[in-house]
Each structure stands twice: as C-alpha cells, then as structure tokens.
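Trainee:
Chains as they are written, first to last, in this note's numbering: chain A, 1027 to 1375; chain X, 3 to 502.
1) Taking just the CA atoms, how far does residue 124 of chain X sit from residue 392 of chain X?
2) For the stretch 1165 to 1202 of chain A, list the alpha helix (DSSP H) runs that are entirely contained and at least 4 residues long, ordered along the chain.
3) Could you check the C-alpha separation between residue 503 of chain X and residue 223 of chain X for me, to the nearest Å?
4) Within 10 angstroms of the Cβ of residue 1196 of chain A, are there 16 or more other Cβ atoms? Answer buried if so, exposed if not.
5) Residues bridged to residue 287 of chain X by DSSP?
6) When burial is assigned at 16 or more other CB atoms within 10 Å of the CB, is residue 382 of chain X buried or exposed?
7) Is any heavy atom of the ligand HEM found at a distance shorter than 7 angstroms from the C-beta of residue 1342 of chain A?
8) What's the gap between the Cα of residue 284 of chain X and the Cα of residue 483 of chain X?
9) Roughly how many angstroms lie between the CA atoms of residue 1096 of chain A and residue 53 of chain X, to the nearest whole one?
10) Distance check for residue 89 of chain X and residue 141 of chain X, CA to CA, integer angstroms please.
11) Mind pulling the chain A residues with CB within less than 9 angstroms of residue 367 of chain X?
12) Helix, strand or coil for residue 426 of chain X? Go by DSSP, reduced to three states.
13) Between residue 202 of chain X and chain A, is the shortest Cβ-Cβ distance under 8 angstroms, so that the two count as touching?
14) Which value, in whole angstroms, describes the spacing of the CA atoms of residue 376 of chain X and residue 265 of chain X?
15) Tell me the DSSP secondary structure of residue 416 of chain X in three-state form.
16) Quick one: Cα of residue 1358 of chain A to Cα of residue 1050 of chain A, how far?
17) Grouping DSSP H, G and I as helix and E and B as strand, with all else coil, what is residue 310 of chain X?
18) Measure the alpha-carbon distance for residue 1317 of chain A versus residue 13 of chain X and round it to whole angstroms.
19) Buried or exposed for residue 1136 of chain A, going by 16 or more other Cβ atoms inside 10 Å?
20) Would you kindly report the start and end of the unbroken alpha helix (DSSP H) that includes residue 1261 of chain A?
21) Below 8 angstroms on C-beta distance, what does residue 335 of chain X contact in chain A?
22) Can you give me the C-alpha to C-alpha distance between residue 1234 of chain A and residue 1116 of chain A, rounded to a whole angstrom?
23) If we cut at 8 angstroms on Cβ distances, does residue 101 of chain X have a partner in chain A?
24) Can you tell me the Cα-Cα spacing of residue 474 of chain X and residue 1168 of chain A, whole angstroms?
25) If you measure beta-carbon to beta-carbon, which residues of the stretch 342 to 358 of chain X are closer than 8 angstroms to chain A?
26) Check residue 1103 of chain A in the structure and name its three-state DSSP category.
27) Helix, strand or coil, according to DSSP, for residue 228 of chain X in the structure here?
28) Near residue 319 of chain X, what residues of its chain come up, given a Cβ to Cβ distance below 8 angstroms and the 5 sequence neighbours on each side ignored?
29) Verify whether the separation of the beta carbon atoms of residue 342 of chain X and residue 1255 of chain A is less than 8 angstroms.
30) With 8 angstroms as the threshold, decide whether the Cβ of residue 195 of chain X is near any Cβ in chain A.
31) Between residue 388 of chain X and chain A, is the shortest Cβ-Cβ distance under 8 angstroms, so that the two count as touching?
32) What's the gap between the Cα of residue 1140 of chain A and the Cα of residue 1154 of chain A?
33) Quick check on the DSSP output: the beta strand (DSSP E) that includes residue 396 of chain X runs from which residue to which?
34) Closer than 9 angstroms by beta-carbon distance: list the chain X residues that pair up with residue 1248 of chain A, in chain order.
35) Does DSSP classify residue 465 of chain X as helix, strand or coil?
36) With contact counted as at least three CB pairs below 8 angstroms, one residue from each stretch, are the stretch 1320 to 1329 of chain A and the stretch 1246 to 1260 of chain A in contact?
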C-alpha cells in the first residue's frame, strides 16, 4: 500500500475519531445540564448549515481561520514555530484599513485592492521576519519572540487606531470606515461571505500543490523533519526558513486584510484572537492544506452553530470554544498514539 | 538457572523468534550470536519483559515465571545492559544509580550507595569515582556504570529473595575501543565466577570465543547451532549467515594518482570557543584512488575534522581544498538518523535526497515523482536494500537496511570524494562486508576515500594508508610496516619510536 495513502487514512480517521470524542464529551456535559443530545446536535447543524445563508455565515466565519491556520501550518511544517499569527493578522488588517482610509492606493478597485492586499501581506511578513532575524542575530527562539511580537503588534495597532487612523467623528477607539471601492465583493446576498474566503481556499489548494509537487515544497518539508540532514545534503536551510516565515506572516496578514475589507470595513483596536485560533485549526487540519480547509470550516460551523444554540436553547456560546479546545487536545493525543502504533521503528536485533 | 522453552514471537507477517529454547546456568557466559534481524534482541526483550511472547515459557530455577515488565524482570533477578546507555549525563555516577535503584521515599543515602558501588566495582577490579559526572566519563567508563547499576540491581533483588542472577549484555563492545574491550572481557569472566549467569549478545566472533563458555547461534529467529565456544569462528560465521562469507580482501589500490589529490588539508587548526584545541596542525592529502583511514579513540577530534571538511565549522587557521558542495561528496555519517535520513519520509524520498534538484528528478522546480520511484527501485535492487516497497517510511527499516539506503544514495552518484564515518557500526557481518566492498569498489573507480572508523580489523582489511588521531593530532602509522600493538599505543597517545 502506498504510504501516502496509508498515512492519509490514518490521519483522517484519527482526526474524525478525536472530533467525535470531543463532541460526545460536550454533549454529555450539556445532557447533564438538561439538554437532550439529539436536540443539541440538530439545532447545531441547523444553525451552522441549515440553509444557504447559514452555511454562508459559517464559511465567512471560517475565512480568517483559514488564513491563520495555513500561516501556522506552513511554518510548523518547516519547523519554524511561528506563534505570531495574531500580531501578523492584526498588522495586515491595520494596513488594509490604512489603505482604505488615509492612504488610498491609486486606480480603480481591480488595481487598488490587490495593491492594498500586497502591502498588508508585506507589512505582516516583515513583522514576522523580525523574529527570524532575531534568531539569526542573537539566537532568540522564534517560539518566544513571535509571542512577544504579538503584544507589541497589538499595542502598535491600538496606538494607530487611537491616533493617525482614528475616526474623527467618534470618541470610540475605532478607525473610520474604509472607502467603498476597497471593500471586497460580497458573494451571497444578505451575508458577509466575501471574496476573501475563496482566495483563502485557493491559497490552500496552491499550498497543497507546492508542498506535494515542487522542489521548494519538498525542501521545506525535509528542513522541517530533519534540518541537520537537510544541511548535509545541501539544502539551504536558513533561506528556506526565511522564505517560510515570510509566507507564513504574509498569509496571516492577508487574512487580516481580507477580514476587515470583507466584513467590518474598519478596525476597533481590540485583539481578535484569530491568530491563536489558527494554531488550533492547523493542528486539527494536521498541518495539511486541505485538512485545514475542513478544520477551518468545522471551527466556523462551531461558532455560528454555538451562536444559534445560545439564541434558541440558552446554551452559552463559549461551549463552542470548549469543543474547540477539547478537539485539539483529542487530536494531539490521538496523533501521538497513532504515531506510536503505525510509525514504530522496525523491531531490531 | 534460566531456561527458555519454545519461545515464538511474530511482528505482523515477520517471525522474529521461532520456537527458541535455551538454557543458561549460573557461572556461565552464554553467547548469543546472530546477524541483524536474527532475533537476538527480540529474544532478550522477551526475557526482560519488554516484549510479550506469542508462545513458549520462561523458567527460573525450575519455576515457571511470566515476565511482563522490566521492573518485574529486575525483581526476578534479571538485569540488562542495553547498547544505548540509559544514564543521565549531567548527574554523578552515584546519583544515576540512586535514580535507577533507590525506590524508597525520602532522602537518598548517597554515602551508602557510594559504598555499595565501590564494593561492587572492587569485586570486578574496577576503580570508579561515584562522584564523577557521567557525561564527563569515557564511553567505556559509562558502560561500567551501566554494568554496575545492573549488578547492584541484581544484588538488591537477591536480598529481596530473587533466586536468579542473570545479566544480559546487548552488544557490549559495539561502542568500545580495543583497549576497553580487553578490559571488559576479563571482568565478565569474573562476574561469571561469582555465580552470575551472563547472556552475551554479539556478532563479533572473536569476542565470543574469548569470553563465552557456550554459544547459541540464531538465524532468522531459529536456533541453528548450540555448542561450546570453541567452535571454529569460520563455522560459526557460516552458521550465522547460512553460507560461507567472503571477507573483503585487502587489495592494494591499483594506482593512487599522486598528481591528483582531490583533498588537500594544510596546517589545519581548530579551537573550540572555550579555547580547547580540537584539531592541531593537521596535514593530509588524499589522492584519487586510495582509501585513507583514521583510527583513534572516539572524541579525539575526528568529528571536528569531519565538520570542518563539510564546511559546518570554520577552521581557526589552515586550509582545506577540494571538498566542494555537499552534493558532490559522498558522505556516510556516524549517526545516520541525525545526519543522513529523514526518518518519517519514505525510502524513495530519502534515496533521491541528493539528486532531486537535477534532471530527470525535477524540471524547473517541479518534481517528477515517477522518476523518483523508478530510480529508487533501481537503487534498492542494486544495493540490496530490503524493504516492503520504496514507499514505506525509512524509519520502519532495520538499521542495516537504513545504512544500505544511505550508501546507495551517497555512492550511486559516483562522487570523487567519499567521507565515511564508522560506516559499519551496528551492522552484522554480511552487511558490514558489503559496505566495505562498496568502499573498495568506489576507490577502484577512482574516488578519494577518507574512512574514519572505530574497528581496527575492518580498517586493516580495506585501507591503503592508516593514520591515528589523538588529541587533535594526526600521526601516520606507516602501516602496514607497523603492527597492531604499535597502532594501539599511538591511539592512546604513546608515541612509540618504532611507529612514528
């Protein structure tokens, strides 16, 4: 049997079982609170995918997670522990808002919008690369520096939102609304499902192709699995790590840009935690681009479904976050067990 | 004292141990011989409680027992010293012992354990400092700590009523220098005369002849021979692999081309950041078509030399010419798991890891995976790598087959320079012989080969020149004009007049 196929079957079944266990756990808790599991499940499905509009809302909720999830997965695959998705996402969003309010790129939408997106990715990528530089220059572990950079990014964005980007018409800490031609087209009337979510899906498919069939994708994988061996066989490890960090930061930034341009049209300076949730999505999607599409959609359905459950049954919507946490733990434990079971070294004399 | 009867164990479709029966008496050293994959370690892991047998039984002093965990094995009076030590390098010797054996709550009594440790060491005529930090000890010393740990465990068990005293040594000499081996073997005899039953796993025939009383040969999981240790080595070897093996015959290199020196090392010095001299004025030319071997006790600068040659470290002074980009070099590293293989990737991906950038394996950045499969299949048949297929993760291969895969990858592109570090470590005779033959073939095809190796016998069976490294200095032994004793002296740093 082809090992690609075998490991895909193992990963998918482990993940499905883990998700099942997590949902069962939460259903048991809810049953103890007096909610019948069948009602909860049908209500959840109805709220998250009951009709086209609801499903579009779930897709929209999945959008930012798709980008931050891909950002985390790209980096983790290469052994670059970029935990800075949060800050990179915010800086991308901030750059997009700046482009939509005070420094509008020239030209019509088909020209200005891509420029703004590129700029947002570039700002976020540069921010991410600070961590790579700090590692190279002073040996600062990326896993720490990216977390710390998140705090700085949140503070910087907060400062800009209350300063140069602040909406003069209000005292609330928020920016002005973006000009209409820098807003992303909405795909489904009556929802906020915007073009950016489709861009995210295309990005995932593109990354899948790169990972599977290109030299650069192969090299990144080898670096992630054994950097020493990669160096010994002549792969430029450092330059691959730089590239990956830039792509990872750029994706997170693009996600932020898409989110403000497609959904809110402005920024209110508060942390959104899409960056951290993206790490959970990456884990749930087993760092596989196509898996991440599914994971982001599942998480999106969790949040819209949880909102529906709150409205109809009075179940706190935080239950959605609980499911998310339990799912991630279950997937991590499950994949460790699967590794022990299926990737065991040969019995040697 | 110990008897195993009709033990069988299957892993999936592979029969690791088939119907093996074995007895071992107190005061006896019982050699267990076999190739990689013959089932030696599986059998011992069954005895030690790490693996549950499918069939068969174990009896200690006539009483049938079931061993289901190493902890329980220890209580029954079975101890095992693994090939890879289980010591904490930053702790002292006595703390390592306490960590393993002191199961009382509360404060550990270091003085008491040090005392026991010294006594035990003295009984083997060993001298050991309980306060020494394990990480600072030589490998041979660390192994003594492991053995003492096992023995103290046995003492503890017998105080608590265990009837047996069985010590399993899994390839104890694999990591030792010759000197250390010469010191270890008498200690094992002494243990036996104290009444311990020793099971000695090895694939080194001469050692088995020196230390064992009886020997059992396993092949493909079955006992193929049982007899006294004075069975002629050639016969044992034949039994192990099932056919007479042909040792590589040293043939003088056809024509080392003096004009062509692919590797020229001049006045090479390397100092560590703390000022310690790692390489001290190394001068070495390696000519096309010759094998130059460097012998020496590990940790005398061999790995530093390799790192400089590979460009991983910058020399303090001096120069290295010739070793270009890693892709033009055949490099067989000491630690294949760390430096050569990506364990979770498939065998195929590992086999093309050096060539995927060139045609036909990739085209303008796109991978031609079909070509990879074709090339990988060709390589595994040419180099006799045994695997289910080329798509299995390389981690599932046995050590010998992993090493063959590394060699297939590194040598198939016919590099002009080859650096091989301990290329046969952990391999059985047949696999080791095939590796050495590959090196000879590469030399005959005109490669300059640098062989850094721990096994003097194997070095002497293939090398053209033999140098010794000690404390960062390289000395030519003028071999074959010098003899083993002189070379051993040089390895220990004694500059004997005759050999220099």
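Glycine included, every Cβ here is placed at the ideal spot set by N, Cα and C.
Mentor: According to the structure data:
1) Going from the Cα of residue 392 of chain X to the Cα of residue 124 of chain X covers about 53 angstroms.
2) 1168 to 1188
3) This structure does not reach residue 503 of chain X, given that chain X is present from 3 up to 502, and the question cannot be answered.
4) exposed
5) Residue 287 of chain X is bridged by DSSP to X:266.
6) Buried.
7) With respect to the ligand HEM, the structure offers nothing, as it holds no ligand at all.
8) 22 angstroms
9) 41 angstroms
10) Roughly 11 angstroms separates the two Cα atoms.
11) 1240, 1241, 1242
12) coil
13) So, not an interface residue.
14) 34 angstroms
15) coil
16) Rounded to whole angstroms, residue 1358 of chain A to residue 1050 of chain A spans 17 angstroms at the Cα level.
17) helix
18) Per the coordinates, the alpha-carbon of residue 1317 of chain A lies some 32 angstroms from the alpha-carbon of residue 13 of chain X.
19) exposed
20) From DSSP, residue 1261 of chain A is part of no alpha helix (DSSP H); its letter is neither H nor E.
21) 1258
22) 25 angstroms
23) Under the Cβ distance rule, residue 101 of chain X does not count among the residues neighbouring chain A, no pair being separated by less than 8 angstroms.
24) 36 angstroms
25) Listed by position along the chain: 342, 343, 344, 345, 346, 347, 348, 351, 355, 356, 358.
26) helix
27) Here residue 228 of chain X sits in strand by DSSP.
28) Once the five neighbours on either side are set aside, the close Cβ partners of residue 319 of chain X are 269, 270, 271.
29) yes
30) It does not; no Cβ of chain A falls within 8 angstroms.
31) no
32) The alpha-carbon atoms of residue 1140 of chain A and residue 1154 of chain A are separated by roughly 21 angstroms.
33) That residue, residue 396 of chain X, is in no beta strand (DSSP E); it is neither H nor E in DSSP.
34) 344, 347, 351, 355
35) coil
36) Too few Cβ pairs lie closer than 8 angstroms, so no.
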